[in-house]
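Participant: Have a look at the structure that comes next, please.
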Amino acid sequence: MTARKIPVANADLSGDEEKYVVDAIRSSWVSSTGAYVSRFERDFAGLCGARASVGVCNGTVALHLALLALDVRPGDEVLVPSLTYIATANACRYVGAEPVFVDVDPRTWCIDPEKIEAAVTPRTRGIIPVHLYGHPADMDAICHLAGVHGLWVVEDAAEAHLARYKGRVTGALAPLATFSFYGNKIFTSGEGGALTLSDPQLELRIRTLRGQGMDPQRRYYFPVTGYNFRMTNVQAAMLCAQLERREAILERRRRIFARYRERLARVAGIGLQPCAPWAEPACWLFCIVVDEKAYGRTRDELAARLAEDGIETRPFFLPLHRLPPFREASRARGEVLPETDYLGERGLNLPTFNTLGEGDIDYIAERIRAHGRA
Ligand SMILES: Cc1ncc(COP(=O)(O)O)c(C=O)c1O
3 MTARKIPVAN
13 ADLSGDEEKY
23 VVDAIRSSWV
33 SSTGAYVSRF
43 ERDFAGLCGA
53 RASVGVCNGT
63 VALHLALLAL
73 DVRPGDEVLV
83 PSLTYIATAN
93 ACRYVGAEPV
103 FVDVDPRTWC
113 IDPEKIEAAV
123 TPRTRGIIPV
133 HLYGHPADMD
143 AICHLAGVHG
153 LWVVEDAAEA
163 HLARYKGRVT
173 GALAPLATFS
183 FYGNKIFTSG
193 EGGALTLSDP
203 QLELRIRTLR
213 GQGMDPQRRY
223 YFPVTGYNFR
233 MTNVQAAMLC
243 AQLERREAIL
253 ERRRRIFARY
263 RERLARVAGI
273 GLQPCAPWAE
283 PACWLFCIVV
293 DEKAYGRTRD
303 ELAARLAEDG
313 IETRPFFLPL
323 HRLPPFREAS
333 RARGEVLPET
343 DYLGERGLNL
353 PTFNTLGEGD
363 IDYIAERIRA
373 HGRA
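Residue numbers (our numbering): 3 to 376.
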């Protein structure tokens, strides 16, 4: 047992975060009005290639707000992958809709466009593709199918900040996209989220619903029932600092991924995340897939060994169609999701954060190799 502890994620706030947060505090603009909120919204929209961005208090709320703005109602169905964080499906339930699970494509680990059509029913209203572990979903194929069936599309880009699909940045690949800035994300404000979009009418609706339903043109007049889903100026201050040094952050994470890939390329039984030819994924959390037969241990056995070595890991998301809130409905629909189950049982996230050193990566890879057969 080593004294060294390597966490799976760690927020890097080493730039101007502290300076901007102090500035926000000194200005006394600590709630949701303030210069950093508008600056963040303008900068983030620009980076994503969207016309507008709306800051909110977290990524779950961003999804909830998207569904409210699209008028999703009880009885509606929304197609989502089962291999994702639970927030994607929870948001559907918040508006009374039912998440219907579609298997993932082994070439992207994202919702499989070829399996979407079979899941469409007269109640289907939309699709939420998730850019899982930073890899963009095949958005052209998904948006084409959505057009054929009259469905809306919302990108869940929580884990895919500034990833690219066919050269275009996530956040502008569908009419509406959502992001999370939780502490383990590439850009973070502790808790935080955003929507990106281009339609001015939709933006007005989202801004109204975000701020208790208040008419943006008429203070304290509330034409609809809204929510308090606002981002604070303090959260936005942290994000402004990170967006300023985004190139350094993205480059550091690309280097971490490259070194992991190089060190783990030839370890028997350890598979790596695929990358479609059209994808430039965001380097969020490095992923491996453990093949028990070839490696000699299960994913969970490897995770336990690594924990003894002081290396924290994270199993892939437990497929949502297997969890109590969703499993009965999924079973009743007869959903069979072999690719999702395969990855959900074998996938493991390795430590990925800006200050992870080359020596740490070599140590982690060496321990993974040592615990295997070869
Ligand atoms: C795919 C996905 N969607 C939504 C969320 C929810 O974001 P938050 O934790 O900021 O509410 C997350 C994670 O945090 C996520 O990974």
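All C-beta atoms, glycine included, are put in the ideal place defined by N, C-alpha and C.
In terms of residues, what are the limits of the alpha helix (DSSP H) holding G346?
Facilitator: Per DSSP, the continuous alpha helix (DSSP H) segment holding G346 begins and ends at P340 to R348.
Participant: Does the stretch 350 to 365 touch the stretch 81 to 96, meaning 3 or more C-beta pairs lie closer than 8 Å?
Facilitator: no
Participant: With the cut-off set at 8 Å, would you say M233 and F224 are in Cβ contact?
Facilitator: Not in contact: M233 and F224 (Cβ atoms no closer than 8 Å).
Participant: Using three-state DSSP, classify C289 as helix, strand or coil.
Facilitator: strand
Participant: Looking only at DSSP bridge pairs, what is I313 linked to?
Facilitator: Residue pairing of I313 in beta bridges, as defined by DSSP: I8.
Participant: For R307 and G36, what's the separation of their Cα atoms in angstroms?
Facilitator: Looking at the backbone, the Cα of R307 and that of G36 are separated by about 48 Å.
Participant: Can you determine whether any heavy atom of ligand 1 sits closer than 7 Å to the C-beta of A37, and answer yes or no?
Facilitator: no
Participant: When you compare only the Cα positions, how much space is there between V132 and D107?
Facilitator: 12 Å
Participant: Drop a sphere of 10 angstroms on the beta-carbon of P279, count the other beta-carbons inside from all chains shown, and report buried for 16 or more, exposed for fewer.
Facilitator: exposed
Participant: Is the stretch 26 to 40 touching the stretch 235 to 242, taking contact as three or more C-beta pairs under 8 Å?
Facilitator: yes
Participant: So, for G213: in the same chain, excluding its five sequence neighbours on each side, which residues have a beta-carbon less than 7 Å away from its beta-carbon?
Facilitator: G228 and R232
Participant: DSSP three-state call for G374: helix, strand or coil?
Facilitator: coil
Participant: To which residues of the same chain is D293 closer than 6 Å at the C-beta, ignoring the five residues directly before and after it?
Facilitator: G271
Participant: Alpha carbon to alpha carbon, how far is A162 from E282? Give it in angstroms, no decimals.
Facilitator: 10 Å
Participant: Which two residues bound the contiguous beta strand (DSSP E) that contains A196?
Facilitator: That run of the beta strand (DSSP E) goes G195 to L199.
Participant: Are the stretch 73 to 87 and the stretch 44 to 53 touching, with three or more C-beta to C-beta distances below 8 Å?
Facilitator: no
Participant: Compute the beta-carbon to beta-carbon distance between R335 and V102, rounded to the nearest angstrom, for a pair I have assumed lies under 8 Å.
Facilitator: 7 Å
Participant: Is Y96 near ligand 1 - that is, is its Cβ less than 7 Å away from at least one heavy atom of it?
Facilitator: The answer is no for Y96.
Participant: Return the chain-ordered ranges of every alpha helix (DSSP H) run that is complete within the stretch 176 to 227 and spans a minimum of 4 residues.
Facilitator: 202 to 212
Participant: In three-state DSSP terms, what is N235?
Facilitator: In the structure shown, N235 sits in a helix (DSSP, three-state: H, G or I).
Participant: Per DSSP, which one or two residues make a beta bridge with Y167?
Facilitator: R170 and A281
Participant: Given that a residue counts as buried once 16 or more other Cβ atoms are within 10 Å of its Cβ, and exposed if not, what is K187?
Facilitator: buried
Participant: My parser needs the alpha helix (DSSP H) runs of 4 or more residues fully inside the stretch 68 to 123; what are they?
Facilitator: 89 to 96
Participant: Give me the residue from E119, E330, S84 and D25 with the minimum Cα distance to L147.
Facilitator: The shortest C-alpha separation from L147 is found at E119.
Participant: Do you know how far the Cα of A372 is from the Cα of V58?
Facilitator: When rounded, the distance between both Cα atoms is 44 Å.
Participant: Measuring CB to CB, does G192 end up less than 8 Å from L241?
Facilitator: In this structure, G192 sits away from L241, with a CB-CB distance that is not shorter than 8 Å.
Participant: Could you tell me whether the stretch 300 to 315 touches the stretch 250 to 261, using the rule of 3 or more Cβ pairs below 8 Å?
Facilitator: no
Participant: Does the stretch 331 to 350 come within contact of the stretch 284 to 304, defined as at least 3 CB pairs closer than 8 Å?
Facilitator: yes
Participant: Compute every distance between the C-beta of Y229 and the non-hydrogen atoms of ligand 1, then say whether any falls below 7 Å.
Facilitator: no
Participant: Just to confirm the assignment, what range does the beta strand (DSSP E) spanning E337 have?
Facilitator: Taken as a continuous stretch (DSSP letters only), E337 belongs to no beta strand (DSSP E), as it is neither H nor E.
Participant: Compare the C-alpha of I290 against each of P321, A331 and L345 and name the closest.
Facilitator: L345
Participant: Going by DSSP, what residue range makes up the alpha helix (DSSP H) through G128?
Facilitator: First-last for G128: T126 to I129, but that is the beta strand (DSSP E), not the alpha helix (DSSP H).
Participant: Cutting at 8 Å between CB atoms, please list the residues of its own chain near R209, excluding the five before and the five after it.
Facilitator: V56 and P218
Participant: Provide the residue span of the beta strand (DSSP E) that contains V23, from first to last.
Facilitator: Taken as a continuous stretch (DSSP letters only), V23 belongs to no beta strand (DSSP E), being part of the alpha helix (DSSP H) at E19 to S29.
Participant: Straight-line CA distance for A367 to R263?
Facilitator: In a straight line, the C-alpha of A367 is about 9 Å away from that of R263.
Participant: Any idea what DSSP makes of M3, helix, strand or coil?
Facilitator: Residue confidence is low: M3 scores 46 on pLDDT, short of 50, so the model does not pin down where it sits. Its coordinate-derived value is still stated next. Taken through DSSP and simplified to helix, strand or coil, M3 comes out as coil.
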